[in-house]
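Reviewing the structure listed below.
Residue numbers (the working numbering): 466 to 636.
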């Protein structure tokens, strides 16, 4: 499984690209972290900690140095060329765990997560949330273009809990 996963990552992600890994990097145990990381050619891996990443969270033996960054939650704003001379802005929240309400959700911000190991037909939740775990995608990571294509035109999800002061505009 790990050999297939590494091969799939290396076939999609170049040495100077940026890879966001949404957790459980150390699922095979501490001894496998460095070995697995050394086989991935990408120099810029940003890790969002998963529930199996306790060695990395504690920074055992300085293991965090293998990654460009290590976080529990990432708020990401990207800009890339759009139509004509305009730039498209893409806003995302990255977390290992699916969350019911995230910053910018009501404005259409995308939420990408792992953890739940969903089958392909269940990967996209209401609104703009998506399980990007590779185990439900033939061990193949998703590219940004694939994610945007899958989520294109999805309605903005609104918080379904009773309204609070953030939704009503009260301070």
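Heads up, the beta-carbon is just placed ideally off N, CA and C, and yes, glycines get one too.
Nearest by alpha-carbon distance to residue i: which of the options is it?
| i | options | result |
| --- | --- | --- |
| residue 607 | 466, 486, 481 and 468 | 486 |
| residue 612 | 562, 555 and 572 | 555 |
| residue 537 | 561, 570 and 519 | 561 |
| residue 462 | 549, 503, 599 and 610 | An answer regarding residue 462 cannot be provided, because it is not within the stretch 466 to 636 covered by the chain. |
| residue 518 | 509, 484, 500 and 493 | 493 |
| residue 410 | 583, 573 and 586 | Because the chain spans 466 through 636 in this model, residue 410 falls outside it and cannot be assessed. |
| residue 506 | 524, 569, 484 and 515 | 484 |
| residue 602 | 482, 526 and 586 | 586 |
| residue 514 | 579, 571, 547 and 614 | 579 |
Over what stretch of residues does the beta strand (DSSP E) that includes residue i continue unbroken?
| i | result |
| --- | --- |
| residue 578 | 575–578 |
| residue 509 | 509–513 |
| residue 519 | Here residue 519 belongs to no beta strand (DSSP E); instead the alpha helix (DSSP H) covers 519–522. |
| residue 485 | 483–486 |
What residue does the alpha helix (DSSP H) around residue i start on, and which one ends it?
| i | result |
| --- | --- |
| residue 609 | 609–616 |
| residue 552 | No alpha helix (DSSP H) contains residue 552, which is instead part of the beta strand (DSSP E) from 552–560. |
| residue 502 | 495–504 |
| residue 475 | 467–477 |
If I measure Cβ to Cβ from residue i and keep anything under 7 Å in the same chain, skipping five residues before and after, which residues do I get?
| i | result |
| --- | --- |
| residue 477 | 606 and 608 |
| residue 591 | 622 |
| residue 520 | 491, 495, 498 and 528 |
| residue 542 | 554 and 556 |
Indicate, with yes or no, if the ligand ZN has a heavy atom lying under 7 Å from the CB of residue i.
| i | result |
| --- | --- |
| residue 512 | Looking at this structure, you won't find the ligand ZN or any other ligand, since it has none at all. |
Sorted by chain position, which residues of the same chain lie with C-beta nearer than 8 Å to residue i's C-beta, five sequence neighbours on each side aside?
| i | result |
| --- | --- |
| residue 604 | 466, 469, 470 and 473 |
| residue 531 | 498, 499, 502 and 510 |
| residue 563 | 576, 578, 580, 581, 590, 594 and 596 |
Only counting the same chain, and skipping five residues up and downstream in sequence, which positions put a Cβ closer than 6 Å to that of residue i?
| i | result |
| --- | --- |
| residue 545 | 553 |
| residue 576 | 558, 567 and 594 |
| residue 534 | 511 |
Report the partner residues of residue i according to the DSSP bridge assignment.
| i | result |
| --- | --- |
| residue 594 | 576 |
| residue 589 | 595 |
| residue 545 | 553 |
Just verifying my parser: in three-state terms, what is the DSSP assignment at residue i?
| i | result |
| --- | --- |
| residue 564 | coil |
| residue 540 | strand |
| residue 623 | coil |
| residue 534 | strand |
| residue 606 | coil |
| residue 516 | coil |
| residue 489 | coil |
| residue 569 | coil |
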